[in-house]
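Heads up, the sequence shown is in the working numbering, so the first residue is 40 and it goes up one at a time.
Built from N, CA and C at the ideal position, the CB exists for glycine as well.
Because the structure is a prediction, the values reported are computed rather than measured.
Remarks on the structure that follows.
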Amino acid sequence: MRICMIGVGLMGHGIAKNILRAGSYHLSFLHHDGNQPIDDLLAAGAIQSETMSMICPNADIILLCVTGAPEVETVLFSEQGVFANAQPGQIVLDCSTSLPEKSRTFAKRLATKQIRFIDAAMTRTPKEAEQGKLNLILGGDEADIQEVMDLLNCFADKITFAGPVGAGHGLKLIHNYVSLGFAAILSEAAAAPAQKPLTHKH
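Below, the structure written as structure tokens:
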């Protein structure tokens with residue numbers, strides 16, 4: 040299976056490394072100044088390309104690991120982006136932290152060219168990405184997801200199906216909200232004794 044990857048940053052590098060380690064995939068990725076050092080990926084057999092037109096048309100899966108919805112939209116729909124170069128039947132697998140309504144819009148537009156879309160929101164950190172132990176929250180057609188499960192298992196430790204397109208990114212945003220809220224509450228609780236010392240009363 041041929042994988043075209045766009046975004047080899049802190050998270051993407053670990054994903055790419057584990058895909059190559061599996062030994063079952065041909066991985067190519069787009070050159071970008073924001074990529075992490077790639078010498079180890081090239082040594083493991085990955086191919087770096089300068090343009091979308093060099094890597095997208097022959098891929099089975101186009102894996103995005105960029106920052107958020109604006110970057111995803113640029114990668115997909117710029118003049119020489121994925122949409123201009125992809126072929127019917129391909130799957131776009133979006134591992135970015137995007138917006139569910141944007142994901143649904145992207146999926147509808149890609150579908151006009153018979154390109155499928157799965158949102159695969161990530162949790163955990165670059166450390167777990169390097170270890171192949173990410174958590175993934177998926178939104179998309181179940182048959183399409185089954186088609187990419189072996190690939191996902193290369194770099195994910197826990198995979199959750201959330202529902203149709205957009206559900207993965209939606210649940211990831213809720214996860215972030217809860218995590219940040221808990222951190223804020225814990226910080227306030229930790230600071231409380233300094234403001235008013237605790238006493239023990241019987």
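In the structure shown, what three-state DSSP assignment does residue i receive?
i	result
residue 247	This structure cannot speak to residue 247, because the chain is shown only from 40 to 241.
residue 79	helix
residue 92	helix
residue 108	helix
residue 197	strand
residue 159	strand
residue 170	helix
residue 178	strand
residue 84	coil
residue 205	coil
residue 221	Low local confidence applies: a pLDDT of 48 at residue 221 is under 50, so the model's placement there is unreliable, with the coordinate-based value given in what follows. The answer is helix: DSSP assigns residue 221 an H, G or I state.
residue 164	coil
residue 144	helix
residue 113	helix
Could you please give the first and the last residue of the uninterrupted alpha helix (DSSP H) stretch that includes residue i?
i	result
residue 185	181 to 194
residue 123	121 to 124
Cβ atoms of residue j and residue i: under 9 angstroms apart, would you say?
i	j	result
residue 173	residue 201	no
residue 157	residue 198	no
residue 145	residue 186	no
residue 46	residue 142	no
residue 58	residue 193	yes
residue 120	residue 155	no
residue 115	residue 122	yes
residue 159	residue 207	yes
Identify the continuous beta strand (DSSP E) that holds residue i and give its terminal residues.
i	result
residue 103	100 to 103
residue 138	Neither: residue 138 is in no beta strand (DSSP E) and is coded neither H nor E.
Straight-line CA distance for residue i to residue j?
i	j	result
residue 221	residue 161	Low local confidence applies: a pLDDT of 48 at residue 221 is under 50, so the model's placement there is unreliable, with the coordinate-based value given in what follows. Spanning the two alpha carbons is a distance of roughly 19 angstroms.
residue 168	residue 80	14 angstroms
residue 51	residue 210	21 angstroms
residue 152	residue 125	9 angstroms
residue 40	residue 189	11 angstroms
residue 102	residue 44	5 angstroms
residue 89	residue 139	30 angstroms
residue 82	residue 204	35 angstroms
residue 127	residue 148	12 angstroms
residue 72	residue 65	22 angstroms
Could you tell me which residues DSSP puts in a beta bridge with residue i?
i	result
residue 41	65
residue 131	101, 156
residue 49	The partner list for residue 49 (beta bridge, DSSP) is empty, contrary to what the question assumes.
residue 212	Paired residue(s): none; residue 212 is not in a bridge.
residue 58	DSSP lists no partner for residue 58.
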